[in-house]
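**Q**
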Amino acid sequence: MTADELTIERISPDFQDWDGLLTLILNAFAYMNGVIDPPSSALALTPESLRAKAAQETVFLATNGERLLGCIFVAEKADHFYVGKLAVDPAAQGKGIGRRLLESAEQYARKHGKATIELQTRIELTGNHKAFQQLGFQETERTAHPGYGRPTSLTMRKALP
Numbered sequence: 039m040t041a042d043e044l045t046i047e048r049i050s051p052d053f054q055d056w057d058g059l060l061t062l063i064l065n066a067f068a069y070m071n072g073v074i075d076p077p078s079s080a081l082a083l084t085p086e087s088l089r090a091k092a093a094q095e096t097v098f099l100a101t102n103g104e105r106l107l108g109c110i111f112v113a114e115k116a117d118h119f120y121v122g123k124l125a126v127d128p129a130a131q132g133k134g135i136g137r138r139l140l141e142s143a144e145q146y147a148r149k150h151g152k153a154t155i156e157l158q159t160r161i162e163l164t165g166n167h168k169a170f171q172q173l174g175f176q177e178t179e180r181t182a183h184p185g186y187g188r189p190t191s192l193t194m195r196k197a198l199p
């Protein structure tokens, strides 16, 4: 796949492949199973909950023709946009798709007058911490999921030029 074959666009109003989108997210997050505690919230997603989430947030999809390769959900907050469920098909990872999805979220945030984007990543996923730092994100906070007496997530922010 070349960069020219990759398309990143906002999800269309007539999008129907919620099962495929769920499969993409679950496959992309599968490496976390047994590594992070508590388990990923992705495991609780359903096609219906994804449809509802997409109705409340902005979603960008990465495709190669008809093949769904990646996604990112973008939620507007008071002073920033929160990006979540950044997922890339494991067979397509390492080709810059995640970076391109984040760039789309950044452009969207700038267009809507926000100076930062924010994300969360799990404490155990140190490779993700490094990858996001290389993309300009800085750790701003450590938080714990309910019932945990230790930090379970890192919040990271990126100031947009």
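With the working numbering applied, the sequence shown covers 39 to 199.
No residue lacks a Cβ here, since even glycine has one placed at the ideal position from N, Cα and C.
1. Between which two residues does the alpha helix (DSSP H) carrying L62 extend?
2. Looking at the strands, I want to know which residues DSSP matches up with V126.
3. Decide if Y146 is buried, meaning its Cβ has at least 16 other Cβ atoms within 10 Å, or exposed.
4. Can you give me the start and stop residues for the alpha helix (DSSP H) that Q145 sits inside?
5. Run through DSSP, which three-state label would E86 get?
6. Check the C-beta distance from I110 over to K123 and give it rounded, since I have them as a contact under 8 Å.
7. By alpha-carbon positions, which one of E104, F175, P189 and Y186 ends up nearest to L198?
8. Assuming K196 is part of the beta strand (DSSP E), what are its boundary residues?
9. Compare the Cα-Cα distances from E44 to each of G151, E156, R105 and G165 and report the closest residue.
10. Just tell me which of Y186, I161, S191 and I46 has its CA closest to the CA of G103.
11. Does the count of Cβ pairs from the region 115-132 and the region 174-191 closer than 8 Å reach three?
12. Please classify L81: is it buried, with 16 or more other beta-carbons within 10 angstroms of its beta-carbon, or exposed?
13. Going straight from the alpha carbon of A130 to that of D75, what length do you get?
14. The alpha helix (DSSP H) that contains N166, what's its start and end?
15. Would you please state the rounded distance, in angstroms, between the beta carbons of E156 and T193? I believe it to be under 8 Å.
**A** Per the coordinate set shown:
1. Counted from its first residue, the sequence shown places residue 62 at position 24. Start and end: W56 to F67.
2. For the purposes of this step, residue 126 is identified with residue 88 of the sequence shown, where counting begins at 1. G108, per the DSSP bridge assignment.
3. On the sequence shown, position 108 is the one that residue 146 refers to. With 16 or more Cβ atoms within 10 Å of its Cβ, Y146 is classed as buried.
4. Within the sequence shown, the letter at position 107 stands for residue 145. It spans I135 to K149 - the alpha helix (DSSP H) in which Q145 sits, taken as one unbroken run.
5. What you label residue 86 is simply residue 48 of the sequence shown in a count that begins at 1. In the structure shown, E86 sits in a helix (DSSP, three-state: H, G or I).
6. Taking the sequence shown and counting its residues from 1, the one referred to as residue 110 is at position 72. Taking the sequence shown and counting its residues from 1, the one referred to as residue 123 is at position 85. At roughly 7 Å, the Cβ-Cβ gap stays under 8 Å, so I110 and K123 are in contact.
7. Residue numbering aside, residue 198 sits at position 160 when the sequence shown is read from its first letter. When C-alpha distances from L198 are compared across E104, F175, P189 and Y186, the shortest belongs to F175.
8. Position 158 of the sequence shown, counting from 1, holds the residue named residue 196. Where K196 is concerned, the enclosing beta strand (DSSP E) stretches over S191 to A197.
9. Along the sequence shown, read from residue 1 onward, the residue named residue 44 stands at position 6. In the sequence under discussion, the amino acid at residue 44 is Leu, which differs from the Glu named in the question. Minimum Cα distance to L44 is reached at R105.
10. By one-based count along the sequence shown, residue 103 stands at place 65. The option with the nearest alpha carbon to G103 is I46.
11. Between the region 115-132 and the region 174-191, the count of Cβ pairs shorter than 8 Å is below three; the stretches do not touch.
12. Translated into the one-based positions of the sequence shown, residue 81 becomes position 43. Of the residues assessed, L81 falls on the exposed side of the cut-off, its CB having fewer than 16 other CB atoms within 10 angstroms.
13. Taking the first residue of the sequence shown as position 1, residue 130 is located at position 92. Taking the first residue of the sequence shown as position 1, residue 75 is located at position 37. A130 and D75 have their C-alpha atoms spaced approximately 26 Å apart.
14. Within the sequence shown, residue 166 is the residue found at index 128, counting from 1. In the DSSP assignment, N166 falls within the unbroken alpha helix (DSSP H) covering T164 to Q172.
15. What you label residue 156 is simply residue 118 of the sequence shown in a count that begins at 1. What you label residue 193 is simply residue 155 of the sequence shown in a count that begins at 1. That pair is a contact at about 6 Å.
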